[in-house]
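Enquirer:
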Amino acid sequence: MTATLLKTETLSAISRDIAQVLFAGLFIEPIANGHANIYLIALGLLLSFGTWFSSLLLAKS
Numbered sequence: 000m001t002a003t004l005l006k007t008e009t010l011s012a013i014s015r016d017i018a019q020v021l022f023a024g025l026f027i028e029p030i031a032n033g034h035a036n037i038y039l040i041a042l043g044l045l046l047s048f049g050t051w052f053s054s055l056l057l058a059k060s
């Protein structure tokens with residue numbers, strides 16, 4: 000494997016992990032604690048979806 004391919008796979012995995020943290024911290028946690036703020040939940044969904052989508056784009060390249 001080339002160094003570029005390994006770097007791309009690593010960045011994809013990091014982006015996927017960030018998406019999971021954002022989903023848990025900004026979407027699941029407020030709902031579970033009963034402090035559901037619609038703006039925080041929407042932000043969590045948007046950020047987690049964005050980083051997850053970027054990890055897919057990196058994995059495809």
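Using numbering that gives the first Met the number 0, you'd call the opening residue of the sequence shown number 0 and step up by one each time.
Cβ atoms here follow ideal geometry from the backbone N, Cα and C, with glycine treated the same way.
#1: When you compare the CB positions of residue 61 and residue 40, do they come within less than 8 Å of one another, or not?
#2: From 15, 19, 13, 26, pick the residue whose C-alpha is nearest to that of residue 38; which is it?
#3: Along the alpha helix (DSSP H) that carries residue 31, what are the first and last residues, could you check?
#4: Here's the rule I'm using: 16 or more other beta-carbon atoms within 10 Å means buried, otherwise exposed. How should residue 47 be labelled?
#5: So, are the CB atoms of residue 49 and residue 22 less than 8 Å apart?
Expert: In brief:
#1: A question about residue 61 goes unanswered here, because the residues of the chain that appear run from 0 up to 60.
#2: 26
#3: 28–32
#4: buried
#5: no
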